[in-house]
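What follows is a short report on a single structure.
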């Protein structure tokens, strides 16, 4: 069964801290996405990728970097975390014509 | 601004009743829609997609699309407590099919 695994499940960091969220998919999907979920805003796209080494800017990219090291692995980097980045983060993958497969999410708290 | 708007924000339906969720797009580039469902503590999961005008039925779930008015709805008949979840409508940007735009979600509660 298609799977997207995110780590860590929960993370607490201080303002100004450095955080890396990890995502691995075993679906052989080309497309991978990072979304943040906040009440009243739904899911908002941060960054996405069409394949290893490819990066595309999403709708709310400020304060975030991403890197797609392999077909399977997509990372989201917060180099100077701020309280406004406290959120629930989801990674997803898909092929060109399929629906999204989401991970279980990473809950990030920036204090 | 949000290009996919959902209503209502929350909805409470008695068990066995009919739940109706709505979604409107402000962009004529959106050619088809997805409905996703998210149970508490989990990631969203695709329920169904609809590409053509009219109804699409999958079990207790029926989606209806009106492309002219950019409106899509989801109807759940014989609602079960397990249907309690957050429901998202989503549409791909036509010029960039890899990118799904999600609405803000409707929280559905089914009361036993």
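Protein chains in written order, with the working numbering: chain A, 1 to 111; chain B, 1 to 112.
All residues carry an ideal CB built from backbone N, CA and C; glycine is no exception.
In whole angstroms, what separates the C-alpha of residue 30(B) from that of residue 82(A)? Going from the Cα of residue 30(B) to the Cα of residue 82(A) covers about 34 Å.
Determine whether the beta carbon atoms of residue 7(B) and residue 22(B) lie at a separation below 8 Å. Going by beta carbons, residue 7(B) and residue 22(B) fall inside the 8 Å limit.
Examine chain B for any beta-carbon lying closer than 8 Å to the beta-carbon of residue 77(A), and answer yes or no. So no, residue 77(A) is outside the interface.
With the cut-off set at 8 Å, would you say residue 29(A) and residue 104(A) are in Cβ contact? Against a cut-off of 8 Å, the Cβ pair of residue 104(A) and residue 29(A) comes out as no contact.
Have a look at 12(B), 63(B), 27(B) and flag the residue whose alpha-carbon is nearest the alpha-carbon of residue 69(B). Ranking 12(B), 63(B), 27(B) by CA distance to the CA of residue 69(B) puts 27(B) first.
Based on Cα-Cα distance, which residue from 92(B), 91(B), 85(B), 93(B) lies nearest to residue 108(B)? Among 92(B), 91(B), 85(B), 93(B), the Cα nearest to that of residue 108(B) belongs to 85(B).
Listed from N- to C-terminal order along the chain, which residues in the region 38-58 of chain A have their beta-carbon within a distance smaller than 8 Å of any beta-carbon of chain B? Against chain B - using a Cβ distance shorter than 8 Å - the residues of the region 38-58 of chain A are 40, 41, 42, 43, 44, 45, 48, 50, 56, 58.
Close-in-space but distant-in-sequence residues of the same chain around residue 15(B) (CB under 8 Å, 5 per side omitted): Here the set comprises 79, 80, 81, 110, 111, 112.
For residue 59(B), go through chain A and note every residue whose CB falls closer than 9 Å to its CB, in chain order. Correct list: empty, because the minimum Cβ distance to chain A is about 17 Å.
Does the region 35-52 of chain A come within contact of the region 15-27 of chain A, defined as at least 3 CB pairs closer than 8 Å? Contact between the region 35-52 of chain A and the region 15-27 of chain A is absent, because fewer than three Cβ pairs lie under 8 Å.
Say whether chain D places a C-beta atom closer than 8 Å to the C-beta of residue 99(B). The structure shown contains no chain D; its protein chains are A and B.
Any beta carbon from chain B within less than 8 Å of residue 112(A)'s own beta carbon? Summary: the structure shown does not reach residue 112(A), with chain A confined to residues 1 through 111, and so no result is reported for it.
State the DSSP-derived secondary structure class of residue 85(A), mapped to helix, strand or coil. The three-state reading of DSSP puts residue 85(A) in helix, counting H, G and I together.
Runs of alpha helix (DSSP H) lying entirely within the region 74-107 of chain B, each at least 4 residues, in chain order: Within the region 74-107 of chain B, no complete alpha helix (DSSP H) run reaches 4 residues.
Residues in the same chain with beta-carbon distance under 7 Å from residue 50(B), minus the five sequence neighbours each way, listed in chain order, please. Once the five neighbours on either side are set aside, the close Cβ partners of residue 50(B) are 32, 33, 56, 63, 65, 72.
Amino acids of chain B, ordered along the chain, whose beta-carbon sits closer than 7 Å to that of residue 31(A): By Cβ distance, chain B contributes 98.
Using Cβ-Cβ distances below 8 Å, what residues of the region 43-71 of chain B are close to chain A? For the region 43-71 of chain B, the beta-carbon criterion of a distance under 8 Å to any beta-carbon of chain A is satisfied by 43, 44, 45, 46, 49.
Residue 57(A) vs residue 76(A) beta-carbon contact at 8 Å: Using a Cβ distance threshold of 8 Å, residue 57(A) and residue 76(A) do not count as a contacting pair.
Can you tell me which of 76(B), 36(B), 58(B) puts its alpha carbon nearest to the alpha carbon of residue 87(B)? Here the closest residue by C-alpha is 36(B).
Closest by C-alpha distance to residue 96(A), when choosing among 3(A), 15(A), 51(A), 34(A): Taking only the C-alpha atoms, the option nearest residue 96(A) is 51(A).
Within 10 Å of its beta-carbon, does residue 12(A) have 16 or more other beta-carbons around it, so buried, or fewer, so exposed? Looking at its Cβ environment, which holds fewer than 16 other Cβ atoms inside 10 Å, residue 12(A) is exposed.
Can you say whether residue 62(A) is buried or exposed, counting buried as having 16 or more other CB atoms within 10 angstroms of its CB? The residue in question, residue 62(A), is exposed, as its Cβ has fewer than 16 Cβ neighbours within 10 Å.
Contacts of residue 34(B) in chain A (Cβ-Cβ under 7 Å): Going along chain A in sequence order, the residues near residue 34(B) (Cβ under 7 Å) are 99.
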